[in-house]
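Have a look at the structure below before the remarks.
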Amino acid sequence: LWPWLLASSGLSALVQLVTLPFFPDSPSYLLIQKGNEEACRKAIRKLWGEGDHQAEIDDIMKEKGAMATTKTLRVLEVIKERSLRWQLYILMTVMTTLQLCGINAIYFYSFEVFHTAKFEEYLIPYVSLGVGLCECLSSILCSTLIDRFGRKVLLWGGYSLMCSVLALLTMTLSLQHRFFWMHYFSVILIFLFVVFYGIGP
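Residue numbers -17 to -1, 1 to 184, in mature numbering (1 follows the signal peptide of the UniProt record, and there is no 0), belong to the letters of the sequence shown in order.
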């Protein structure tokens, strides 16, 4: 079954490969990058139907004017630019914490935790698949929550809950040889960690 599950990801790529040539180019790309207003109008009509789309074209033209006055900075210039320093610090912090938050360790050791929890050998891959499905569903949930609560709240909340879950997971893994039910608690914590990761970071 696993070869079929792995091969199924190629199905979406095949659908894109077949259908992509029938989609129009982006109107903003056609007008800003290519400078082809007629092709831009044609793409807009194909996307939104017939009608007066002058307002949309005017918006794209404003964007083109704004881009013309904006200077493109090199990497070293971005680092030296004082006005961008805080944005750069925030970006570096978010990306660093994302890499060091522990999600890779969770995925790496989850198989061993499931094995210790006395799951049947043939069931463990499906439980691992469930962990991945949890991340997928929580990411979809995040897209609905982000407009309501904002990115900052989700980041703080996600990282705080992930820290709490990791602390509890460390405790349950240390005590798993003393209490038989600790194995199952560890499995629950793994699922919770993945859900909080999907909602937050």
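Even for Gly, the Cβ is constructed at its ideal location relative to N, Cα and C.
Taking the CB atoms as reference points, tell me whether V148 and F179 lie closer together than 8 Å.
Less than 8 Å separates the beta-carbon of V148 from that of F179.
Ordered along the chain, which non-local residues of its own chain (more than five positions away) have a Cβ less than 7 Å from that of M165?
Correct list, in chain order: T155, L158 and Q159.
I need the DSSP call for P(-15), collapsed to helix, strand or coil.
Note: P(-15) maps to helix in three-state DSSP.
Report yes or no: do three or more beta-carbon pairs, one from the stretch 32 to 44 and one from the stretch 55 to 64, lie closer than 8 Å?
Taking 8 Å as the limit for Cβ pairs, the verdict is that the stretch 55 to 64 does not touch the stretch 32 to 44.
C-beta atoms of L124 and I182 nearer than 8 Å
Taking 8 Å as the cut-off, the beta carbon of L124 is found closer than this to the beta carbon of I182.
Apply the 10 Å Cβ neighbour rule to L4 and answer buried if 16 or more other Cβ atoms are within range, or exposed otherwise.
Sequence check: residue 4 is Pro here, not Leu. So P4 ends up on the exposed side.
Expressed to the nearest angstrom, what Euclidean distance is found between the alpha-carbon atoms of I89 and G141?
One C-alpha to the other measures close to 16 Å.
Enumerate in chain order the residues of its own chain whose CB-to-CB distance from R28 is below 6 Å, with the five nearest sequence positions on each side excluded.
Excluding residues within five positions, none has a Cβ falling inside 6 Å.
Is it true that the CB of I173 sits closer than 8 Å to the CB of V114?
Going by C-beta atoms, V114 is nearer than 8 Å to I173.
Which one of W(-14), F91, T80 and Y109 has the shortest CA to CA distance from L138?
Answer by Cα proximity: T80.
Compute the Euclidean distance between the alpha carbons of P10 and C146, then round it to the nearest angstrom.
Their backbone Cα atoms lie some 44 Å apart in a straight line.
Check whether V170 and A100 have beta carbons under 8 Å apart:
Taking 8 Å as the Cβ cut-off, V170 and A100 qualify as a contacting pair.
Per DSSP, what kind of secondary structure is Q159 in: helix, strand or coil?
Coil at Q159, not helix or strand.
So for W31, helix, strand or coil by DSSP?
In the three-state DSSP reduction, W31 falls in the helix class (H, G or I).
Count the other CB atoms, across all protein chains shown, that sit within 10 Å of the CB of A26; report buried if there are 16 or more and exposed otherwise.
Note on A26: 16 or more other CB atoms within 10 angstroms of its CB, so buried under the neighbour-count rule.
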